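> I'd like to ask some things about the structure below.
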Amino acid sequence: MPEPDAFTRAYWDAAAEGRLLLRRCGACGRAHHYPREFCPHCWSEDVVWEPASGRAALYTWSVVHRNDLPPFGGRTPYVAAVVDLAEGPRMMTEVVECPHGDLRAGMELEVAFRDGAGVHGRAALQDGVGVGCQDGTPVVPVFRPRG
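Adding 128 to a residue's 1-based position in the sequence shown gives its number in the working numbering.
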């Protein structure tokens, strides 16, 4: 699991509140993900956090049937995926709440968030239903079919 640090703390805190953040470059205007302190497109350090829409399209995926690393072994089978965020960047993630046979390249997805109690939509986290993992691990953005 990821380890929040001083730089990424804003990202993980936002996820715990049901918000997905991206970084956007003030020099070239492009968004990027995963969070970095510089723009991977033009190398500028003029980058800021901004809220993402939470919309994405499925780019590619793999159904994982075996993973011996905790906590993933207890979740098999699961869908490891790459999605195209509406803002442009690609993001590695997990697709949830979708039968594997229904997965299609380009299908519309929306962000949800996994914590120790399960997967929650943005509104549930913002209403305090899921407020982060009790064991200190971060709330993680995942995606599910939109609609």
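C-beta: ideal position from N, C-alpha, C; glycine also. Remember, it's a predicted structure, so these values are computed and weren't measured experimentally.
Run the CB neighbour count on Gly146, radius 10 Å, all protein chains shown included, and call it buried at 16 or more, exposed below.
buried
> Who are Leu197's beta bridge partners in DSSP?
Leu197 is not bridged to any residue.
> Look at Leu150 and Glu222 and say whether their C-beta atoms are less than 8 Å apart.
no
> Which one of Val224, Asp212, Val211 has the shortest CA to CA distance from Leu204?
Reading off the sequence shown, one finds Thr at residue 204, where the question assumed Leu. Nearest option by C-alpha distance: Val224.
> Which runs of the beta strand (DSSP E) spanning at least 3 residues fall entirely within the segment 135–160, listed in chain order?
149–153
> Using a 10 Å radius around the Cβ and a threshold of 16 neighbouring Cβ atoms, would you call Leu213 buried or exposed?
buried
> Check whether the Cβ atoms of Val247 and Ala143 lie closer than 8 Å to each other.
Inclusion of Val247 and Ala143 in the CB contact set at 8 Å is not warranted, their separation being larger than that value.
> Quick one: residues in its chain with C-beta nearer than 6 Å to the C-beta of Ala138, no 5 flanking neighbours on either side, listed in chain order?
Trp177
> Assuming the contact rule is C-beta atoms closer than 8 Å, Ala208 and Val192 should be a hit. Round their C-beta distance to whole Å, please.
Going by Cβ atoms, the distance from Ala208 to Val192 rounds to 5 Å, so yes, they are a contact pair.
> Which class does Asp212 belong to by DSSP, given the choice of helix, strand or coil?
strand
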